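Protein chains: 2
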Amino acid sequence: MSNIINIGLLGLGTVGGGVAAVLAQNGAAINARAEGTVRIKAALVRDLAKSRAGAVPLTTAPADILTDDSVAIVVELMGGVEPARAYVLEALRRKKSVVTANKDLLALHAEEIFRVAAENGQDVYFEGAVAGGIPIIAALRTSLTADDIRSVTGIINGTTNYILTAMTEQGSDFAAVLREAQELGYAESDPTADVEGLDAARKLAILATLAFHSPVSISDVYTEGITGVTAADISYARELGCVIKLLATARKTDEGVEVHVHPTLLPERHPLATVRDVFNAVYVVGNALGESMFYGRGAGALPTASAVLSDVIRAARARMSGTQGRTGLDIDRRLPIKPGRDYRSSYYIRLKVRDEPRVFASLALFFAEADISFASIIQKPRRNGNAEIVLVTHPCRESQMEQALASVRAYSKLEKIYNMIRVWNE
Amino acid sequence: MSNIINIGLLGLGTVGGGVAAVLAQNGAAINARAEGTVRIKAALVRDLAKSRAGAVPLTTAPADILTDDSVAIVVELMGGVEPARAYVLEALRRKKSVVTANKDLLALHAEEIFRVAAENGQDVYFEGAVAGGIPIIAALRTSLTADDIRSVTGIINGTTNYILTAMTEQGSDFAAVLREAQELGYAESDPTADVEGLDAARKLAILATLAFHSPVSISDVYTEGITGVTAADISYARELGCVIKLLATARKTDEGVEVHVHPTLLPERHPLATVRDVFNAVYVVGNALGESMFYGRGAGALPTASAVLSDVIRAARARMSGTQGRTGLDIDRRLPIKPGRDYRSSYYIRLKVRDEPRVFASLALFFAEADISFASIIQKPRRNGNAEIVLVTHPCRESQMEQALASVRAYSKLEKIYNMIRVWNE
Chain A
1 MSNIINIGLL
11 GLGTVGGGVA
21 AVLAQNGAAI
31 NARAEGTVRI
41 KAALVRDLAK
51 SRAGAVPLTT
61 APADILTDDS
71 VAIVVELMGG
81 VEPARAYVLE
91 ALRRKKSVVT
101 ANKDLLALHA
111 EEIFRVAAEN
121 GQDVYFEGAV
131 AGGIPIIAAL
141 RTSLTADDIR
151 SVTGIINGTT
161 NYILTAMTEQ
171 GSDFAAVLRE
181 AQELGYAESD
191 PTADVEGLDA
201 ARKLAILATL
211 AFHSPVSISD
221 VYTEGITGVT
231 AADISYAREL
241 GCVIKLLATA
251 RKTDEGVEVH
261 VHPTLLPERH
271 PLATVRDVFN
281 AVYVVGNALG
291 ESMFYGRGAG
301 ALPTASAVLS
311 DVIRAARARM
321 SGTQGRTGLD
331 IDRRLPIKPG
341 RDYRSSYYIR
351 LKVRDEPRVF
361 ASLALFFAEA
371 DISFASIIQK
381 PRRNGNAEIV
391 LVTHPCRESQ
401 MEQALASVRA
411 YSKLEKIYNM
421 IRVWNE
Chain B
427 MSNIINIGLL
437 GLGTVGGGVA
447 AVLAQNGAAI
457 NARAEGTVRI
467 KAALVRDLAK
477 SRAGAVPLTT
487 APADILTDDS
497 VAIVVELMGG
507 VEPARAYVLE
517 ALRRKKSVVT
527 ANKDLLALHA
537 EEIFRVAAEN
547 GQDVYFEGAV
557 AGGIPIIAAL
567 RTSLTADDIR
577 SVTGIINGTT
587 NYILTAMTEQ
597 GSDFAAVLRE
607 AQELGYAESD
617 PTADVEGLDA
627 ARKLAILATL
637 AFHSPVSISD
647 VYTEGITGVT
657 AADISYAREL
667 GCVIKLLATA
677 RKTDEGVEVH
687 VHPTLLPERH
697 PLATVRDVFN
707 AVYVVGNALG
717 ESMFYGRGAG
727 ALPTASAVLS
737 DVIRAARARM
747 SGTQGRTGLD
757 IDRRLPIKPG
767 RDYRSSYYIR
777 LKVRDEPRVF
787 ASLALFFAEA
797 DISFASIIQK
807 PRRNGNAEIV
817 LVTHPCRESQ
827 MEQALASVRA
837 YSKLEKIYNM
847 IRVWNE
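Here is the structure:
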């Protein structure tokens, strides 16, 4: 009996090409770990005429892969929700294992996909869907299993981390760095999903679901992007011993699960503060293991292909030993989602007021009335009779901050609120 | 049929107590993941009279655990080589799964233990043996499986990292910080195994074996401790944009495997440079995944217990599905070990010479004759007619450096070679 493991690729773009390349280069080692010969039986593409490197058999008919009984593992790398969802469900119903790197699909349809997988005794692997080359999915599913995970905090969008790193190290403004990132191919021509935090929110929903064993969907995630962060904010952050990062945080509290993506002032000494450029990292706190962090390349053809092929090896081994259908999302509770206005955080607020007597006293009073106290205050001399002030508060509820800001906005001596950015609290 | 998973603990010290405590606290989640009720059937101790927290049944007779057919998983937490080795082999022969956190045992007897495991169709899990709360063993065994791992570099000894961090941040000398670490319980009363790098060497041998699928033993590891590192060296390192860390490095080269543990000047921007205090981290470079890093608490009762219990869950699941005996060390080659004198490295050399004309020219000539060039030179005015000089070389072979140093040592104007420390090269 020949031990050939046929895989079918749905999609042969950047990641699909990476899978073919890594399989060609590391095939001997991959086959040794998979206990068989992993072979790409066919790859689904849109256009046969478009020439591609390598000797992968191409097809434009999904059925060539989905109805081929010799294909044991379907690797979905098309991206987008449909028709990827339909193909994945079809593959599971035909008793194939599924490997996917599609975060959009999972963020929206994970429960359905895992239900169909369970009904058919099959598995869905998705290491490539979150933080490419970082094996955080396997860590949450199979390594940190003895812990009560308290929080997961990630830098899980390479584009925004590249932009914030460049703004920090070059002192440039957002728009200039975004253009540069687009030229380098680190940002899409339509960068909305990245810079508005939506991509990070999708990944966070997946991580939170796995970490807390409770369903978390994108719509639960409070999301704020980095387009409002300026070089001035980054410079003040440095004075305060902080860097600004787009953090995706999921935290289990007594009042429910908090899930939010927003720019955050993070102390320079925090392990996440040192994650530069397009690198990703996921910081996990468990009640037994304490603080841990997983760092690596979050995207790119080869790191994602490495994750996808490690999943192919898992799938192959499970099929070989007849133990398909034993991995799931392990959802066994439905924790409430905490309303955003109940979140507690420290805040950085940068504003411009008339530089007159009693103005600071009035400002201080607005915050005092909302029961908010200050951790740091920076005021520098300014021109034109105005003063720029940076306030950093002690932790308070979002609802308290809204109350204080309503008073500040109504204040006749206020010239402008430049920005409000949350500050990291453990 | 009741689904009870009986485990037997060999040893109930710090880690054993942690296992009992974490099982008590996180039991519901652990049982959900293990698909059964994990119960400590008995714990082997030396002295029944010594009171212990918790309701763990105690015994002083190893046979009470090893010959009890209801015990499915033996958890070896005694440390040391014998009798741990004998008990582990006996457990495997009696068809039990073994979980161990014993690096000394594995560094010396891994091949024998895994051979006996295979002969008996059983598994040995050892996440707790290296870098406690960091799931690096699972990452190497089951996640980074599609990669050709090029190098593994770890800060894998908490004691020495605590000492070097304190020396760096307080400017203190080694002896003072060691005393402080001993008072805090971060260093043993006999600190030799830690400060001389032996503990790190044991863990490195295990990591290198897994990463390269080729046997690496402690005796292959070139080992140098941190006792010679001074506050002055750390201060010069900072001038050069570096910190000094005890790095354990395994690298696959065309000439064979390099495995070495020694103090290293590491650029401040390297992810490992930010690992402080007793934290550990393992930096892995693969040909597809690129650079990745795994960070966390390398020791301590609870982080190690978290790792041990995640292994218990793995073992329980494998037994449940009847797939024991499918995990091994995956050794499938025997790569040569590169001789130390062929290692290439940059070097930091600090020495004192007579401050006279032509002295520096002579020094430079000694290095030039060995075909070594300099990357940085620091010379500061000194008293008593002597000059202190710090040289940083470009990469060269150890044999070249030996040649140059022989000339320097024979030089009549040399007062003293204070120190020679290797400098990080990618």
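Protein sequence lines correspond, in order, to chains A and B. Take 1 as the starting number for the first sequence in my numbering and just add one per residue. Take 427 as the starting number for the second sequence in my numbering and just add one per residue. All residues carry an ideal CB built from backbone N, CA and C; glycine is no exception. Because the structure is a prediction, the values reported are computed rather than measured.
Proximal residues of chain A, C-beta to C-beta of residue i below 8 Å
| i | result |
| --- | --- |
| Tyr648 (chain B) | Neighbours of Tyr648 (chain B) on chain A: none; closest Cβ ~27 Å, over 8 Å. |
| Ser643 (chain B) | Result: empty, since nearest Cβ-Cβ is about 22 Å, beyond 8 Å. |
| Asn452 (chain B) | Ala146, Asp147, Asp148, Asn287, Ala288 |
Where residue i meets chain A, residues with beta-carbon distance less than 9 Å
| i | result |
| --- | --- |
| Asp758 (chain B) | Ala29, Ala32 |
Distance CB(residue i)-CB(residue j) smaller than 8 Å
| i | j | result |
| --- | --- | --- |
| Ala544 (chain B) | Gly748 (chain B) | no |
| Met320 (chain A) | Gly36 (chain A) | yes |
| Cys668 (chain B) | Glu694 (chain B) | yes |
| Leu791 (chain B) | Leu840 (chain B) | no |
| Phe853 (chain B) | Leu755 (chain B) | Residue 853 (chain B) is absent from the model: chain B starts at 427 and stops at 852. |
| Trp850 (chain B) | Leu692 (chain B) | yes |
| Pro215 (chain A) | Ile313 (chain A) | no |
| Ile421 (chain A) | Ile244 (chain A) | yes |
| Leu140 (chain A) | Ala205 (chain A) | no |
| Ile431 (chain B) | Val464 (chain B) | yes |
| Lys203 (chain A) | Val130 (chain A) | yes |
| Tyr662 (chain B) | Ile560 (chain B) | no |
| Ser306 (chain A) | Ala572 (chain B) | yes |
| Leu10 (chain A) | Glu112 (chain A) | no |
Residue i - DSSP class collapsed to helix/strand/coil
| i | result |
| --- | --- |
| Glu841 (chain B) | strand |
| Asn120 (chain A) | coil |
| Thr253 (chain A) | strand |
| Gln182 (chain A) | helix |
| Arg743 (chain B) | helix |
| Pro267 (chain A) | strand |
| Val221 (chain A) | coil |
| Val45 (chain A) | coil |
| Ala305 (chain A) | helix |
| Arg202 (chain A) | helix |
| Gln379 (chain A) | strand |
| Thr230 (chain A) | coil |
| Ser292 (chain A) | strand |
| Asn31 (chain A) | helix |
| Arg664 (chain B) | helix |
| Leu831 (chain B) | helix |
Within-8 Å CB hit, residue i to chain A
| i | result |
| --- | --- |
| Gly754 (chain B) | no |
| Glu508 (chain B) | no |
| Phe540 (chain B) | no |
| Ala731 (chain B) | yes |
| Leu590 (chain B) | no |
| Ile564 (chain B) | Strictly speaking, residue 564 (chain B) in this sequence is Ala, with Ile absent from that position. Output row for Ala564 (chain B): interface = yes. |
| Leu470 (chain B) | no |
| Leu728 (chain B) | yes |
Below-8 Å beta-carbon distance, residue i vs any chain B residue
| i | result |
| --- | --- |
| Arg150 (chain A) | no |
| Gly171 (chain A) | no |
| Val22 (chain A) | yes |
| Pro310 (chain A) | At residue 310 (chain A) the sequence reads Ser, which differs from the Pro that was named. Cβ-Cβ to chain B under 8 Å: yes for Ser310 (chain A). |
| Leu289 (chain A) | yes |
| Asn161 (chain A) | no |
Closer than 9 Å at the beta carbon, the chain B residues around residue i
| i | result |
| --- | --- |
| Ile313 (chain A) | Thr568, Thr571, Ala572 |
Residue i CB to nearest heavy atom of the ligand GTP below 7 Å
| i | result |
| --- | --- |
| Thr568 (chain B) | Among the components of this structure there are no ligands whatsoever, and the ligand GTP is therefore not found. |
Proximal chain B residues relative to residue i, where beta-carbon distance stays under 7 Å
| i | result |
| --- | --- |
| Ser321 (chain A) | Thr749, Arg752 |
| Ile134 (chain A) | Ser718 |
| Asn6 (chain A) | In chain order: nothing, as chain B lies at least about 17 Å away. |
Chain A residues whose Cβ lies nearer than 7 Å to that of residue i
| i | result |
| --- | --- |
| Pro697 (chain B) | Thr274, Tyr295 |
| Gly712 (chain B) | Ser306 |
Give, in chain order, every unbroken run of the beta strand (DSSP E) that is at least 3 residues long and sits entirely within the region 560-592 of chain B. 575-581
Uninterrupted beta strand (DSSP E) stretches inside the region 753-797 of chain B (no shorter than 3 residues): 770-780
Considering only residues of the region 50-128 of chain A, which uninterrupted beta strand (DSSP E) runs meet the minimum length of 3 residues and lie entirely inside it, listed in chain order? 71-76, 97-100
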